[in-house]
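Throughout the sequence shown, residue numbering follows mature numbering (1 follows the signal peptide of the UniProt record, and there is no 0), covering -21 to -1, 1 to 574 in sequence.
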Amino acid sequence: MFAARIALAAVILLWAQSSKAALRTYNFTIHSGTRAPDGVSREVYLINDQQPGPLIEIDEGDELEVFVKNDLPVESTIHWHGLLQRGTPQMDGVPGVTQHQFPITPGGNFTYRFSVENEYGFYWYHSHFRAYYNDAIRGPLMIRPSPSRRRPFESLANSPAELEVLLRAERDAPSVLLNDWTHSLSDVIYEQYFETGAFPNCVDSLLANGQGRVQCLPESVLEGGTGLGLSPSSTMSMPSMQMRAAAVSSDMGASSMASDMTMVSDMTMAPSPTSPPSQAAVSSSTMEMSTLQEVKVLYLALGQRYSVMIKLDQSPGNYFLRFATYPAGDMQQVLEDQAIISYSDSTVNSTSMSVANDPASVWMLTNGSAKADVATLNPSLLSPFDGNKPPTNAADLTKSFAISQTGVTEWVIDGYPFAEPKTPILLGNVSDGWQANTTVYLPFNSTIDIIMTISKDSMDTMGHPMHLHGHKFWVLGSGEGPFPYSSVTDAPRSSINLQDPPFRDTAELPPSGWLVIRYVTDNPGAWLLHCHLQWHLVSGMALVLVEGERQIAEILNASNASTDATSDSNSQVGFAQCRATVFITVLGLLLVVLL
């Protein structure tokens, strides 16, 4: 049976036993510590002594309350990446824009509280102050979908029994999040960057679920994809099925698999490239479920999430999942790492593994790119499977923004760098003109088109992962060169997709190119639009889009309803053993994943 030989890779974890909404509470303490996630010790910023932070699990429709105590010597906030914050814009966690108070001071605390109506899937949370999420203030957040929500798996199942297998895999999903890593605190890099102008474009290693290693592979391994046998001393065990948590900072992705009969509880990091198992069907980007594509390689921009279903149609054994950075603009460093995917008819001994090598199946080149004949994910074809379509009439308003690097440490949108306001825009008079050049006021309940382009005179014309707070948007199109039209209406249908465009919260603006997005201003708030490359954000590549000024005042004056709390802070959830499939999450930045 097809479904009995499948592993899902995405990020939906345990099935909700009740559809009744609840208040879920977590307590976070942010503090410093010493860790060696890649074998080199350094100071890191931890959440509850964890790196990455604890997994948050709630159900669609629940209310989430997170008490954050800051024991760091620096300020911080928590942003809930991808969540709409509908009715609670003051909980978005952006200092100077939406944070309900100034950044959480050393020794201070703040309680975030908001609902997740009509939102589900995999998200992540991270600090939105300076570059502290690079120091490990980040973690995964899972919203289990309502039992009544439609799923896209019918096209893969040949029977109700197979469909149930797929749904069970989704319910029992672990997650895999990936990031790059440096051996210095971000503040040290931050100060060096602004003092010297040397862009921090080199990292020391790649991490998967907070673990990795510094590696200097021999040239013969890099060029030929030579496999290395594994011994207990060279294998890093990662109990992903028990942790079910991961993190993201910059550049990667990985996954774990299950056998026909038994859940494999360990994921192992391996030191060489080799043969990946079969192909994978990509089923989602922002967890707004999309139509499926069968691929061997996918690229991720920072902040994006994908669900990947891996067909287990080869002999049971151990296979490498490879992930790598890829060159972009002045960031030309290429790093690669691997995870072992194991599936068998019985439990695998994770400390006694060897991995066979098949050079013909090595699909990634040493420069981080895929071979030309390899099936690669096409993000433009990830149309929502449930028919979530954009308004097709002409937009009520079109805004065009030119992005440019105007100085060694300055990035601007339409000629002005963003600087954090001294008084949060949301909490003061949003029309008082503060940061007028980087604050844009939009009409409420209107269809808005945003056209972003890379300026011809930019010092660097690299691409950018653009993220919009408070909304998901339709990606109407992107391409190389300038956008030669004044609006979407003027553009040919070959360039613009109004029928079934992808729907997400983060999209890639191509190098020297253009990106067009559409959304409806139906969520009152002050929402940041910015590049998710942290060094570009701190250099000014951001602006604030304000909508519903009158409604904002009403929201802030209203009191939140409360319910009985259900504590999840220290909950331990076991995984059933006899599973035929696994569902894993992939989240990353500027990354190549080979499945």
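Backbone N, C-alpha and C define an ideal beta-carbon position, used for all residues, glycine too.
What residue from the options has the CA that sits closest to residue i's CA?
i	options	result
residue 281	447, 380 and 48	447
residue 49	65, 62 and 27	27
residue 424	479, 436, 498 and 380	498
residue 385	440, 141, 427 and 373	440
residue 303	21, 72 and 316	316
residue 369	305, 495, 322 and 400	495
residue 16	480, 89, 162 and 179	162
residue 314	121, 380, 171 and 158	158
residue 160	483, 14 and 320	14
residue 10	115, 480 and 37	115
residue 34	88, 67, 137 and 152	152
residue 461	437, 445 and 400	437
residue 349	306, 175 and 366	306
residue 283	525, 502 and 100	100
residue 475	483, 456, 482 and 491	456
residue 401	18, 77 and 66	77
residue 44	91, 174 and 295	91
residue 434	485, 379 and 473	379
residue 469	524, 372 and 445	372
residue 172	525, 388, 279 and 19	388
residue 481	361, 292, 473 and 502	361
residue 537	69, 18 and 392	69
residue 365	64, 111, 98 and 128	128
residue 579	36, 502, 3 and 489	What the structure shows of the chain is the stretch from -21 to 574, and residue 579 is not part of that stretch, so it cannot be assessed.
What distance in whole Å lies between the Cβ atoms of residue j and residue i, which are believed to be in contact at a cut-off of 8 angstroms?
i	j	result
residue 276	residue 356	7 angstroms
residue 12	residue 23	6 angstroms
residue 287	residue 354	Actually they are not in contact, since the Cβ atoms of residue 287 and residue 354 sit about 13 angstroms apart, beyond 8 angstroms.
residue 7	residue 55	Residue 7 to residue 55, Cβ: 10 angstroms. No contact.
residue 39	residue 119	That pair is no contact at about 16 angstroms.
residue 131	residue 514	The pair is not a contact, with the Cβ atoms about 36 angstroms apart (cut-off 8 angstroms).
residue 427	residue 376	5 angstroms
residue 524	residue 419	5 angstroms
residue 133	residue 142	6 angstroms
By the three-class DSSP mapping on this structure, what secondary structure does residue i have?
i	result
residue 203	Residue confidence is low: residue 203 scores 47 on pLDDT, short of 50, so the model does not pin down where it sits. Its coordinate-derived value is still stated next. Here residue 203 sits in helix by DSSP.
residue 233	Any reading at residue 233 is ruled out, since the residue's pLDDT is 30, under 50, leaving its predicted position unreliable.
residue 431	strand
residue 24	strand
residue 541	Its pLDDT being 35, under 50, residue 541 is placed unreliably in this model, and the value from its coordinates should be taken loosely. Looking at residue 541 - three-state DSSP - the assignment turns out to be coil, as it is neither helix nor strand.
residue 286	strand
residue 114	helix
residue 359	helix
residue 33	coil
residue 473	coil
residue 502	coil
residue 349	strand
residue 69	helix
residue 380	strand
residue 318	strand
residue 280	coil
residue 301	strand
residue 108	coil
residue 521	strand
residue 184	strand
residue 127	coil
residue 294	coil
residue 459	strand
residue 425	coil
Return the first residue and the last residue of the beta strand (DSSP E) that residue i is part of.
i	result
residue 175	First-last for residue 175: 165 to 175, but that is the alpha helix (DSSP H), not the beta strand (DSSP E).
residue 486	485 to 488
residue 83	Taken as a continuous stretch (DSSP letters only), residue 83 belongs to no beta strand (DSSP E), as it is neither H nor E.
residue 404	Run containing residue 404: none; DSSP gives neither H nor E here.
residue 88	88 to 94
residue 44	42 to 49
residue 272	272 to 274
residue 6	2 to 14
residue 392	389 to 392
residue 418	418 to 421
residue 159	155 to 160
Could you spell out where the alpha helix (DSSP H) holding residue i opens and where it closes?
i	result
residue 139	139 to 150
residue 535	528 to 536
residue 517	513 to 517
Is the Cβ of residue i closer than 9 angstroms to any Cβ of chain D?
i	result
residue 117	In the structure shown, chain D does not exist; there is a single protein chain.
Checklist entry - Hey, is the stretch 506 to 520 in contact with the stretch 433 to 449, meaning 3+ C-beta pairs nearer than 8 angstroms? => result yes
Checklist entry - Between the stretch 185 to 193 and the stretch 33 to 53, do three or more beta carbon pairs fall short of 8 angstroms? => result no
Checklist entry - Three or more beta-carbon pairs under 8 angstroms between the stretch 521 to 536 and the stretch 462 to 469, yes or no? => result no
Next on the checklist: Can you confirm whether the stretch 57 to 65 touches the stretch 377 to 394 when touching is taken to mean that 3 or more C-beta pairs between the two stretches lie within less than 8 angstroms?
Outcome noted: no
Checklist entry - Are there three or more Cβ pairs, one per stretch, closer than 8 angstroms when the stretch 509 to 522 is compared with the stretch 387 to 406? => result yes
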